[in-house]
Structure formats: C-alpha cells, structure tokens
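According to my numbering, the sequence shown is numbered sequentially starting from 8. Ideal placement from N, C-alpha and C gives every residue a C-beta, glycine not left out.
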Amino acid sequence: AIVDANFPSASVGGRVITVAGAGAHEVLAAVLDVFPLDTSGAAPAWTMEVIGEPEAIPEPVADFAAVLADHDLASMSTAFGEWPLYERARDAYAVVRTGELRPYGNILLVKGTVNRLGGR
8 AIVDANFPSA SVGGRVITVA GAGAHEVLAA VLDVFPLDTS GAAPAWTMEV
58 IGEPEAIPEP VADFAAVLAD HDLASMSTAF GEWPLYERAR DAYAVVRTGE
108 LRPYGNILLV KGTVNRLGGR
C-alpha cells in the first residue's frame, strides 16, 4: 500500500515505511520500476473513490493513472470506497506512508512475479 500523509498507517499497517519527502505518485513510479504487478487476474492497482462522488477523479488518482500508463499499465486500476480500502490495506505486506498532502492519495498494489532471466 502506498498512502498519503492523512492515512492511518500506524493503526492499519504492520510494517510502515515513511517517505516523507515524496508525493504518492512519485513513490508509485519508483516502486513500479522494481516491483512487478500481477496482471493475470483482477486489477492489480486499487485507489480510493471520492466519498459521495464515486465518478470524481481526484488529482492524486489522475497522477496514479499517468504513472500506470507510463509503465504500460493504463487499464489496470479500479476504485474502492474508503473503508474497503482500509480493510484491504490491513492485509498489505507493507504500508509506504508518503508526504502526499492531497486527499485520496492512496493506492494498493498486487504484486506479480519477477521473471527470471536466461530461463533459469
């Protein structure tokens, strides 16, 4: 889970990593450079939908979409309500708390497998 500064990371996540000087979309870009997503099934990236406005796309979510597109994962995300996202985050291996101050700057990722080079 990559979360904003407002996310209750200490009460939700067992392993909390803080990257206070970066926005959530910057952390997502860095993570995707080394962390493959599971593209074999349901969406491997989940954001938080706006409370009371499920069709709205907040700035951080638009930024996430751009980062995913840069990594050829443009159609790989969907949205949760606030509480379902918190519940799913409880099962995350780690919660990366960013310095993102904009609301809705939270994204959950489903890890894929690392391809072995050379067929070994």
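Pairwise C-alpha distance: residue j and residue i
i	j	result
A12	S47	31 Å
Y111	K118	21 Å
I9	A29	11 Å
L44	A86	16 Å
S82	V26	27 Å
V38	V74	11 Å
G77	V41	Here residue 77 turns out to be Asp, not Gly, going by the sequence shown. Each residue's Cα considered, the two are about 14 Å apart.
N113	A101	13 Å
L80	I64	18 Å
L116	V103	11 Å
H32	I24	16 Å
R109	L35	15 Å
V57	A49	21 Å
N-terminal and C-terminal residue of the alpha helix (DSSP H) that residue i is part of
i	result
L35	A31 to L39
S18	S16 to V19
A69	E66 to D77
A96	E89 to R97
Residue span of the beta strand (DSSP E) that contains residue i, given as start and end
i	result
V102	V102 to T105
L115	I114 to L116
T120	From DSSP, T120 is part of no beta strand (DSSP E); its letter is neither H nor E.
A8	No beta strand (DSSP E) contains A8, which DSSP labels as neither H nor E.
A52	A52 to M55
Per DSSP, the bridge partner or partners of residue i
i	result
T25	R104
T46	None, per the DSSP bridge assignment.
A86	T54
E60	V57
Residue i CB to nearest heavy atom of the ligand FAD below 7 Å
i	result
G88	This structure lacks the ligand FAD, and indeed carries no ligand of any kind.
Check: For the 8 Å Cβ check, are there 3 or more pairs between the segment 15-34 and the segment 47-65?
Finding: With the cut-off at 8 Å, the segment 15-34 and the segment 47-65 do not touch.
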